[in-house]
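The structure appears right after this line, and notes come after that.
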Amino acid sequence: GAVVSQHPSRVICKSGTSVKIECRSLDFQATTMFWYRQFPKQSLMLMATSNEGSKATYEQGVEKDKFLINHASLTLSTLTVTSAHPEDSSFYICSARDQGAGNQPQHFGDGTRLSIL
Amino acid sequence: QKEVEQNSGPLSVPEGAIASLNCTYSDRGSQSFFWYRQYSGKSPELIMSIYSNGDKEDGRFTAQLNKASQYVSLLIRDSQPSDSATYLCAARTGANNLFFGTGTRLTVIP
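So the sequence lines, in the order shown, correspond to chains A and B. Residue 1 is where the first sequence starts when you use this note's numbering, and the numbers rise one by one after that. Residue 1001 is where the second sequence starts when you use this note's numbering, and the numbers rise one by one after that.
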């Protein structure tokens, strides 16, 4: 079964709306979670690393004020796309791994397809 | 130089054949290697992980790792049309630094 749960799976909204995406680790605690974005026919692009209890680390070119990340608990990270515009339409995917269980792989949520009209 | 490199493909194989997917990585400190499969419009799903030199088999899948050559491969035996997807190679250095290749698109022709 899924070890990382992501919600919602799809969002369609008007330009200027802020959208929050949740990522939950199931059955394990994740001090670190990762947020990716993927445009059609392109590869995964790491946006930011979410750190529990501290600020997220953003990749170069990703606006931290535009993509707000909150990692308030060991099982939940949220990504808020603020004042979304059509160019923000993309497939957003989170991932996490059980760092307390040895050499574990990262597991991905099912992704959120964001469409801004 | 990219951390992880893959041939973007597309790679086409007939049904029942062996599909061979290759990946190289640049950081000799990488310790863990993963193959993910991503269907169009879906998120990646883990197929195989490999941590030591040699082969690791799981069903129709075999991962091969050669740390001296910094090379990872994935073999898919008896390829099926349902194997058609993009395959992502990933290498991890340290606790959190996981680097993905751009993926190889595989098409299995019935």
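From the three backbone atoms N, C-alpha and C, an ideal C-beta is built for every residue, glycine too.
Own chain partners of residue i with C-beta closer than 8 Å, once the 5 adjacent residues on each side are dropped
i: G16(A); result: S83, A84 and H85
i: D65(A); result: T82
i: S1084(B); result: L1106, T1107 and V1108
Sequence-distant residues of its chain with Cβ nearer than 6 Å to residue i (five each side left out)
i: E52(A); result: T31, H71 and L74
i: P1010(B); result: R1105 and T1107
i: P1014(B); result: I1109
i: A1019(B); result: V1013, I1076, S1079 and L1106
i: L44(A); result: Y36 and Q38
i: F1099(B); result: E1003, V1004 and A1091
i: Q1064(B); result: D1055 and S1073
i: G111(A); result: F91 and I93
i: S1040(B); result: none
i: S115(A); result: I12 and S89
Per-residue burial, residue i [other beta carbons within 10 Å of its own, 16 or more giving buried]
i: Y39(A); result: Note on residue identity: the sequence assigns Phe, not Tyr, to residue 39(A). Its Cβ having fewer than 16 others within 10 Å, F39(A) is exposed.
i: Q1006(B); result: buried
i: Q60(A); result: exposed
i: S1069(B); result: exposed
i: P1044(B); result: buried
i: P8(A); result: exposed
i: R24(A); result: buried
i: S77(A); result: buried
i: G109(A); result: buried
i: L1021(B); result: buried
Among the options, nearest to residue i - alpha-carbon criterion
i: V19(A); options: Q106(A), S54(A) and D88(A); result: D88(A)
i: S1052(B); options: A1017(B), Y1071(B) and Y1036(B); result: Y1071(B)
i: S1049(B); options: T1024(B), A1091(B) and G1041(B); result: A1091(B)
i: L117(A); options: H7(A), I12(A), V3(A) and W35(A); result: I12(A)
i: D1027(B); options: G1094(B), G1041(B) and D1083(B); result: G1094(B)
i: S5(A); options: G100(A), R113(A), A96(A) and N103(A); result: A96(A)
i: S1030(B); options: L46(A), N103(A) and D98(A); result: N103(A)
i: S1032(B); options: P105(A), F91(A), T80(A) and G111(A); result: P105(A)
i: F91(A); options: V62(A), K41(A) and H107(A); result: K41(A)
i: I93(A); options: K1042(B), Y1087(B) and N1022(B); result: K1042(B)
i: I69(A); options: K14(A), V3(A), I21(A) and R10(A); result: I21(A)
Own chain partners of residue i with C-beta closer than 7 Å, once the 5 adjacent residues on each side are dropped
i: T49(A); result: T32, F34, A56 and T57
i: T1024(B); result: E1005, Q1070 and Y1071
i: I1047(B); result: W1035, Y1036, R1037 and F1061
i: A1017(B); result: S1079
i: K1081(B); result: The sequence shown places Pro at residue 1081(B), not Lys. Around P1081(B): E1015, V1108 and P1110.
i: D1058(B); result: M1048
Cβ-heavy atom distance, residue i to the ligand GDP, below 6 Å
i: G1009(B); result: No copy of the ligand GDP occurs in the structure displayed, which carries no ligand at all.
Subject >> Length-filtered (3 minimum) beta strand (DSSP E) runs lying within the stretch 1033-1103 of chain B >> reply: 1045-1050, 1054-1058, 1061-1066, 1071-1076, 1085-1093 and 1097-1100
**OP:** Could you pull out every unbroken beta strand (DSSP E) segment of at least 3 residues lying fully inside the stretch 20-90 of chain A, listed in chain order?
**Re:** 32-38, 45-51, 67-73 and 76-81
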